[in-house]
Amino acid sequence: MKTTVFAAVLAAVAASAADVQAQMGIPLSVEGRLDYAVPTGDFDDAVDEGVSVSGGVSLGVRPGLALYGTYSNTRFGVGLTSDDEPHAEDSGFSVGLTAALPGGSARVAPWIGAGAVFHTLELGGVEEGIDESVGFEVGGGVAIGLTRNVRLTPGVGFRRYSAELPALLGTREMDVSYFTAGVGLNFSF
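In this note's numbering, the protein residues as written are 38 to 226.
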């Protein structure tokens with residue numbers, strides 16, 4: 038249900054982006070990212086490092102401030118090109134705000150962001166009994182202008198949520214938390 042609602046909101050934002058840009062001069066952008074993910078806390082005891090691939094859309098709500106929506110998939114315990122089943126797979130949507138920090142230039146601009154995540158954890162190929170959970174993410178980095186509408190976006194982040202896992206007698210809760218570091222390619226319109 039949450040996935041359907043998020044997809045509908047994302048489609049509505051994308052459909053109205055041309056009108057918003059024409060009226061306000063505020064850009065729409067899309068971004069693809071590749072990140073290295075390092076689990077922390079109890080989650081670190083359960084899985085190894087992994088790779089995260091994500092794609093998202095952001096819409097400027099005023100200069101220096103944007104609303105974003107992202108889908109990400111993080112596979113823990115396998116390499117980027119591996120066909121093996123991951124030890125754990127974290128996937129879902131996130132929504133939030135990003136803000137440009139003062140002191141940047143037209144070519145290099147620092148940014149920070151924070152949002153809510155709606156994710157599902159799959160352990161060892163078993164997804165049954167694991168509910169989608171709400172958590173948070175924070176991050177930051179720099180946007181490096183390559184051309185007028187293309188930016189390279191190296192950054193770091195932290196994501197955390199709780200997942201209920203099937204156990205021998207009912208369910209148990211696991212805190213899913215990990216740091217990411219990587220780079221994105223951002224196109225604005």
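Backbone N, C-alpha and C define an ideal beta-carbon position, used for all residues, glycine too.
Contact under 8 Å by Cβ, residue i with residue j
i    : j    : result
D85  : T111 : no
V90  : F224 : no
V5   : F80  : Residue 5 falls outside the range modelled here, since the chain spans only 38 to 226, and no answer is possible.
T77  : Y105 : no
A125 : G182 : no
T157 : E169 : yes
L138 : L189 : no
Residue(s) in a DSSP beta bridge with residue i
i    : result
S225 : S66
H124 : Paired residue(s): none; H124 is not in a bridge.
V84  : DSSP lists no partner for V84.
L189 : I181 and L222
Rounded C-alpha distance that separates residue i from residue j
i    : j    : result
G69  : Y198 : 23 Å
V171 : G192 : 23 Å
V88  : D72  : 6 Å
V75  : A83  : 12 Å
G161 : T217 : 21 Å
Closest Cα partner of residue i within the set the options
i    : options                   : result
R247 : E201, F155 and L160       : This structure does not reach residue 247, given that the chain is present from 38 up to 226, and the question cannot be answered.
V154 : F226, F173 and A125       : F173
G194 : T184, D82, Y215 and G182  : Y215
G150 : L160, E169, V179 and V187 : V179
Y108 : G101, G141 and G152       : G152
A103 : P64, G92 and P139         : P64
G176 : P147, N186, V187 and G140 : P147
E159 : M211, R196 and V145       : M211
G101 : F113, R196 and G140       : G140
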